[in-house]
Ligand code: AMP
Ligand code: GLY
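Residue numbers (the working numbering): 3 to 424.
Okay, structure coming up:
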């Protein structure tokens, strides 16, 4: 079968790596892809936000299955366009992707199906939002309703911070995404990510992970897109996964179906766990980045079978085979990230890193120049390994990093610390 993956980051490199291992995959194209992805698939530079372009590309190249990586094409309706054209598609419709694209919508769904989440209120005017914050006090969380590239959430430890965030959002800092603001109760606890496939009716958990959002060791410094991840997440015990399925995920999937907008694709539930119970922080309508890198390391070739079953509505009869293993990924980023950084520096030593079912350097932001690999983004490489224990996976990943010669880059030295010290 011929498969098209949309996206260009480490997530898409990991998806391509897993899909390629499955004998069902004949031709694999990633659009637009990156320098690492060209080593295992063809790359095509097309406008992935335009449904008509994606559909005609699929028709011209006889693609049988489309896997959509990032949220932007989902929110733009690319999955709808593909399905309307009769293409087998992995990824929710624009209406279902509102679970990520609108925080107020997610809260509405939680209310409708009584899923546990933070108490909240929503506002379209600054004065009322400010009055609410003054009445509630801090800590409190201020969120721009729409997609803001992960930057639209301010966890305010003081009232002044929350008021400033409200002014920024209504002042247009996040454009249309900030036209509505959701203000939430601050939840204490430990965060973890739970990944579930849904074919619209049935759901199958496909793994857990924990991310490291802060840029510095010891979880210090500004927030980032994620500096590393590991799977499984020990905090998401079997019992908590069951509770999260019964109280949060399955009611959401039933409510989406009831509204005539069934959810088809991967649902990424960000959970806050406290006192043995999970509450929903947010949904994403796509795989996490860098969480996918560790999930794909563990799922391998069956990832394609699972995504196909999801797209074809066959999840009910589907089984996920788990090994008792652990995977960990360390993000290497350009110095300065998540602030300003330079692109174009050369990365050497990648050829000294092993590439097999236990080791893989996924490329997140790279390009090729004169036969060299150069940095072309903030998050640049995802050095990923699998082991029998988390410590084994961690040691293998950092041993690979020792081979990489890239003075203009940096990484955290403590990925996995929380689970390793528990
Ligand atoms: P979100 O984009 O909604 O996941 O928010 C980004 C991050 O902000 C989350 O991963 C949490 O670390 C934090 N966060 C969001 N909402 C809350 C909340 N109600 N209480 C505490 N932390 C939160
Ligand atoms: N790693 C967080 C995300 O993908 O949203």
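Virtual Cβ for every residue (Gly too), placed ideally from N, Cα, C. From a predicted model like this one, the values you see are computed outputs, not experimental measurements.
Reduced DSSP secondary structure (H/G/I, E/B, other) of residue i
{"i": "residue 63", "result": "coil"}
{"i": "residue 316", "result": "coil"}
{"i": "residue 58", "result": "helix"}
{"i": "residue 343", "result": "coil"}
{"i": "residue 232", "result": "strand"}
{"i": "residue 124", "result": "strand"}
{"i": "residue 409", "result": "coil"}
{"i": "residue 225", "result": "strand"}
{"i": "residue 355", "result": "coil"}
{"i": "residue 422", "result": "helix"}
{"i": "residue 199", "result": "strand"}
{"i": "residue 396", "result": "helix"}
{"i": "residue 283", "result": "strand"}
{"i": "residue 8", "result": "strand"}
{"i": "residue 237", "result": "coil"}
Cβ-based neighbour list, residue i, same chain, cut-off 7 Å, excluding 5 preceding and 5 following
{"i": "residue 184", "result": "105, 106, 109, 122, 124, 145, 147"}
{"i": "residue 320", "result": "206, 308, 311"}
{"i": "residue 79", "result": "53, 96"}
Check: residue i C-beta below 7 Å from any heavy atom of ligand 1
{"i": "residue 159", "result": "no"}
{"i": "residue 442", "result": "Absent from the model: residue 442. The displayed extent of the chain is 3 to 424, so no value can be given."}
{"i": "residue 315", "result": "no"}
{"i": "residue 109", "result": "no"}
{"i": "residue 71", "result": "no"}
{"i": "residue 145", "result": "yes"}
{"i": "residue 139", "result": "no"}
Contact test: residue i Cβ vs ligand 2 heavy atom, cutoff 7 Å
{"i": "residue 293", "result": "yes"}
{"i": "residue 225", "result": "no"}
{"i": "residue 4", "result": "no"}
Whether residue i touches residue j by CB criterion (8 Å)
{"i": "residue 197", "j": "residue 270", "result": "yes"}
{"i": "residue 298", "j": "residue 16", "result": "yes"}
{"i": "residue 216", "j": "residue 223", "result": "yes"}
{"i": "residue 250", "j": "residue 278", "result": "no"}
{"i": "residue 45", "j": "residue 68", "result": "no"}
{"i": "residue 420", "j": "residue 360", "result": "no"}
{"i": "residue 384", "j": "residue 295", "result": "yes"}
{"i": "residue 408", "j": "residue 334", "result": "yes"}
{"i": "residue 388", "j": "residue 327", "result": "yes"}
{"i": "residue 4", "j": "residue 74", "result": "no"}
Residue nearest to residue i in terms of C-alpha spacing, selected from the options
{"i": "residue 355", "options": "64, 70, 400", "result": "400"}
{"i": "residue 165", "options": "190, 135, 12", "result": "135"}
{"i": "residue 214", "options": "203, 204, 208, 232", "result": "232"}
Cβ shell of residue i (< 8 Å), same chain only, five flanking positions each side left out
{"i": "residue 98", "result": "258, 263, 264, 265, 266, 267, 287"}
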